[in-house]
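Read the structure below first, then the notes.
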Amino acid sequence: MTRGKLLYEGKAKRVYATDKSDEYIVEYKDDATAFNAQKRGEWAGKGETNNAISAHLYPLLEQAGIPTHFLGRLSEREQRVRAVTIVPVEVIVRNVAAGSFSKRLGVEEGTPLPRPVVEYCYKSDALGDPLINTDTAVSLGWASEEDLRRIRELALQVRDFLVPYFEARGVRLIDFKLEFGKLGTGEIVLADEISPDTCRFWDAATGEKMDKDRFRRDLGGEAEAYAEMRRRVTGGA
Ligand SMILES: Nc1ncnc2c1ncn2[C@@H]1O[C@H](COP(=O)(O)OP(=O)(O)OP(=O)(O)O)[C@@H](O)[C@H]1O
Ligand SMILES: [Mg+2]
1259 MTRGKLLYEG KAKRVYATDK SDEYIVEYKD DATAFNAQKR GEWAGKGETN NAISAHLYPL
1319 LEQAGIPTHF LGRLSEREQR VRAVTIVPVE VIVRNVAAGS FSKRLGVEEG TPLPRPVVEY
1379 CYKSDALGDP LINTDTAVSL GWASEEDLRR IRELALQVRD FLVPYFEARG VRLIDFKLEF
1439 GKLGTGEIVL ADEISPDTCR FWDAATGEKM DKDRFRRDLG GEAEAYAEMR RRVTGGA
């Protein structure tokens, strides 16, 4: 599998073409950004850690019946994925109030939500990923009603798998962000990544944050927290 043309460089990853038109290579970078890239940083090992965590979780999600873009890990930083057309709607699943949800609604961080909340944002760096509802996504042609129904169903299945998975590893899954894509056949699959960049993880015993909030909020220890999450998720792989 050889890396072809660079198709897209994002804040955390690069996407390359391959010799197969329906497969891409994703390379995880050490860069970190927050607040719509107004805050920038990087640390050694971040790319490898996020690649390892994602590459560990996606096959488990597949086994749990959730179709994903993941095909295999190629190297410390690279994975092979199915080429998809990304649905420009970021899906956030919340189990416990935190972050923008707490701020917007005045609900104290750490308040458990009696039932999970699925939120949608328009994937647009220029606009800062604004909160939308599904009517907006349909009306503006970003996804069909049927696609959005499927996306919500899959997002909740991902939650149902991940919550006990992390609980068994001493981690509370507070919330997480997913991206979905469409295959040529029209099938919706889970794409992008699941990592400490895209989830809030709190240590079950101490409440300590083990995710990108360490970087966002200048708490320090982000490299150690990510490495610890990698150990807990993969058992050291
Ligand atoms: N299987 C896939 N096929 C095509 N594109 C993908 C796939 N998986 C993820 N992507 C896209 O690749 C990019 C990954 O780069 P990165 O995570 O660095 O982006 P980002 O900086 O978060 O920016 P963006 O706002 O574009 O998501 C994202 O735009 C993501 O939607
Ligand atoms: Mg991203």
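Following our numbering, the numbering of the sequence shown begins with 1259 at its first residue and continues without gaps. For each residue, glycine too, the CB sits at the ideal point set by N, CA and C. It should be emphasised that the depicted structure is a prediction, and the values quoted were computed from it without experimental measurement.
Hey, how far is the Cα of residue i from the Cα of residue j?
i: LEU1265; j: ALA1275; result: 6 Å
i: LEU1329; j: ARG1488; result: 20 Å
i: LEU1477; j: ASP1471; result: 8 Å
i: GLY1386; j: MET1468; result: 24 Å
i: PHE1445; j: GLU1437; result: It should be noted that the sequence gives Glu, not Phe, for residue 1445. Straight-line Cα distance between these residues: approximately 14 Å.
i: ALA1290; j: TRP1301; result: 8 Å
i: ALA1310; j: TYR1484; result: 11 Å
i: GLU1411; j: VAL1349; result: 11 Å
i: GLU1451; j: ALA1401; result: 20 Å
i: GLY1323; j: PHE1293; result: 34 Å
i: ALA1462; j: THR1260; result: 42 Å
i: ILE1283; j: ASP1393; result: 33 Å
i: PRO1317; j: VAL1376; result: 23 Å
i: LYS1263; j: GLY1303; result: 25 Å
i: GLU1466; j: PRO1372; result: 22 Å
i: GLN1321; j: ARG1331; result: 17 Å
i: ARG1407; j: LEU1319; result: 19 Å
Find the nearest neighbour of residue i within the set the options, judged by alpha-carbon distance.
i: PHE1359; options: ILE1324, LYS1440, ILE1446, LYS1435; result: LYS1435
i: GLY1479; options: PRO1388, PRO1454, GLN1337; result: PRO1454
i: THR1492; options: GLY1465, ILE1432, PHE1424, CYS1457; result: PHE1424
i: ARG1338; options: PRO1422, GLU1482, LEU1398, TYR1286; result: TYR1286
i: LYS1297; options: PRO1317, ARG1335, LYS1269, VAL1284; result: LYS1269
i: GLU1334; options: GLU1306, ARG1407, HIS1314; result: GLU1306
i: ALA1413; options: THR1343, ALA1295, VAL1347, LEU1332; result: VAL1347
i: SER1312; options: LYS1271, ASP1280, GLU1281; result: LYS1271
i: ALA1341; options: LEU1420, GLY1368, VAL1273; result: VAL1273
i: GLU1336; options: GLU1320, THR1343, GLY1494, ASN1308; result: ASN1308
i: SER1279; options: THR1343, ALA1295, ASP1288; result: THR1343
i: ALA1295; options: GLU1367, LEU1315, ASP1383; result: ASP1383
My output table needs one value for residue i: the three-state DSSP class, helix, strand or coil.
i: LEU1398; result: coil
i: VAL1491; result: helix
i: PHE1424; result: helix
i: ASP1461; result: strand
i: ASN1353; result: strand
i: ARG1408; result: helix
i: ASP1443; result: Just to set this straight, residue 1443 is Thr in the shown sequence, not Asp. Three-state result, THR1443: coil.
i: ALA1275; result: strand
State yes or no: is the C-beta of residue i within less than 8 Å of the C-beta of residue j?
i: VAL1354; j: PRO1370; result: yes
i: VAL1345; j: LYS1440; result: yes
i: PRO1388; j: ARG1417; result: no
i: THR1326; j: VAL1447; result: yes
i: LEU1431; j: PHE1459; result: yes
i: GLY1299; j: PHE1473; result: yes
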